[in-house]
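Peer 1: Residue numbers (the numbering used here): 243 to 534. Note that the Cβ used here is the ideal one computed from N, Cα and C, for glycine as well.
(1) Got a sec, what are the start and stop residues for the beta strand (DSSP E) residue 309 sits in?
(2) With DSSP run on the structure shown, which of helix, strand or coil describes residue 304?
(3) Please identify the residue among 470, 491, 483, 265 whose C-alpha is closest to the C-alpha of residue 421.
(4) Taking the continuous beta strand (DSSP E) assigned at residue 475, which residues delimit it?
(5) So, is residue 484 buried or exposed, given that buried needs 16 or more other C-beta atoms within 10 angstroms?
(6) Could you please give the first and the last residue of the uninterrupted alpha helix (DSSP H) stretch that includes residue 397?
(7) Since residue 365 contacts residue 347 with CB under 8 Å, what's their CB separation in whole angstroms?
(8) Label residue 532 either buried or exposed according to how many other C-beta atoms from any shown protein chain fall within 10 Å of its C-beta, with 16 as the threshold for buried.
(9) If you draw a straight line from the alpha carbon of residue 411 to that of residue 250, how long is it in whole angstroms?
(10) Counting pairs of beta carbons, one from the segment 387 to 398 and one from the segment 349 to 360, are three or more of them closer than 8 Å?
(11) Please report the residue range of the alpha helix (DSSP H) in which residue 452 lies.
(12) Can you find a C-beta in chain D that's less than 9 Å from the C-beta of residue 311?
(13) Here's a check: name, in chain order, each residue in its chain whose Cβ is nearer than 6 Å to the Cβ of residue 452, leaving out the five neighbours to either side.
(14) Taking buried to mean at least 16 other C-beta atoms within 10 Å of its own C-beta, is residue 302 buried or exposed?
(15) What's the C-alpha gap between residue 374 and residue 432?
(16) Is the separation between the beta-carbon of residue 377 and that of residue 493 shorter than 9 Å?
(17) Beta-carbon within less than 8 Å of residue 527's beta-carbon, same chain only, minus the 5 sequence neighbours each way: which residues are those?
(18) State yes or no: is the C-beta of residue 488 within less than 9 Å of the C-beta of residue 503?
(19) Have a look at residue 344 and residue 444 and give me their C-alpha separation to the nearest angstrom.
(20) Going by other Cβ atoms of all chains shown within 10 Å of its Cβ, with 16 needed for buried, is residue 291 buried or exposed?
(21) State the DSSP-derived secondary structure class of residue 461, mapped to helix, strand or coil.
(22) With DSSP collapsed to three states, give me the class of residue 326.
(23) Let me know if residue 285 comes out buried or exposed under the rule of 16 or more other beta-carbons within 10 Å of its beta-carbon.
(24) To the nearest angstrom, how far is the alpha carbon of residue 275 from that of residue 414?
(25) First and last residue of the alpha helix (DSSP H) that includes residue 365?
(26) Flag this pair as yes or no: are the beta carbons of residue 272 and residue 523 separated by less than 9 Å?
(27) If you drop the 5 nearest sequence neighbours on each side, which residues of the same chain put their C-beta closer than 6 Å to that of residue 317?
(28) How would you call residue 265, buried or exposed, if buried means at least 16 neighbouring beta carbons within 10 angstroms?
(29) With C-beta atoms as the reference, is residue 402 less than 9 Å away from residue 425?
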């Protein structure tokens, strides 16, 4: 299976096979993404052609060309709501323009504790499926990227030891965080990562003042008051080590999604001398493996 994480600016992939009941990682890599991954792009006349080009680039990059894909998508083309328990459909509403909201379909992801409701535009997912098919791929599964990060954290860490903890995706475009209280998903936040961060999506129990702390020049121990223990990963290009501001704090843990996974002999050279930040790039991709 090929596990693919699509984000603005960067697409990461991991390929693995099952051997003796274990998932063995054979290959991993990243390719640049020049597409504007927003609703306007997917309704443009060249969207399909550009998506096909992306999948062709992916195929040329693979050393182990599996054709079945598990795909994770970014928050720029999804909408989320957080609930501790399932709620009736009529209570779970989306406050968007009427024409847009009527086009969306809803899917609930029950987690170990808590529930994430996701709205997606079938026109967008259909275009992605069609582009993959045109290049010889079959997309078997589509999941929000943050779900895969949650899977990685639950597989690796004893999260039930904390009254509160947070998972942060420190992204160049759309950082996300999910907050858990007593091991139950209680809040979600997505924001634009600029000099003055702007909140894009918020649901559940989230203090919006956390945006003032999550700036490159202003990250201090006060962050702990909002997040509790913090599990952080990045989809920045790793050369600049964007996770450096978090490494000086003992309550921040850089996620290594390869913990507990076997790497094939041919693939072991990929991970030689990689930094924690570089390894963390594959959190959303490897989250599929950790779950399965």
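Peer 2: To lay it out plainly:
(1) Looking at the DSSP string, residue 309 is not in any beta strand (DSSP E), and its letter there is neither H nor E.
(2) coil
(3) 470
(4) 472 to 476
(5) buried
(6) 387 to 398
(7) Going by Cβ atoms, the distance from residue 365 to residue 347 rounds to 10 Å, so no, they are not a contact pair.
(8) buried
(9) 13 Å
(10) yes
(11) 452 to 455
(12) As a matter of chain content, chain D is missing from the structure shown, which is built from one protein chain.
(13) 468
(14) exposed
(15) 28 Å
(16) no
(17) 245, 246, 247, 254, 255, 256, 270, 314, 390, 499
(18) no
(19) 21 Å
(20) exposed
(21) coil
(22) coil
(23) exposed
(24) 13 Å
(25) 364 to 376
(26) yes
(27) 416, 418, 432
(28) buried
(29) yes
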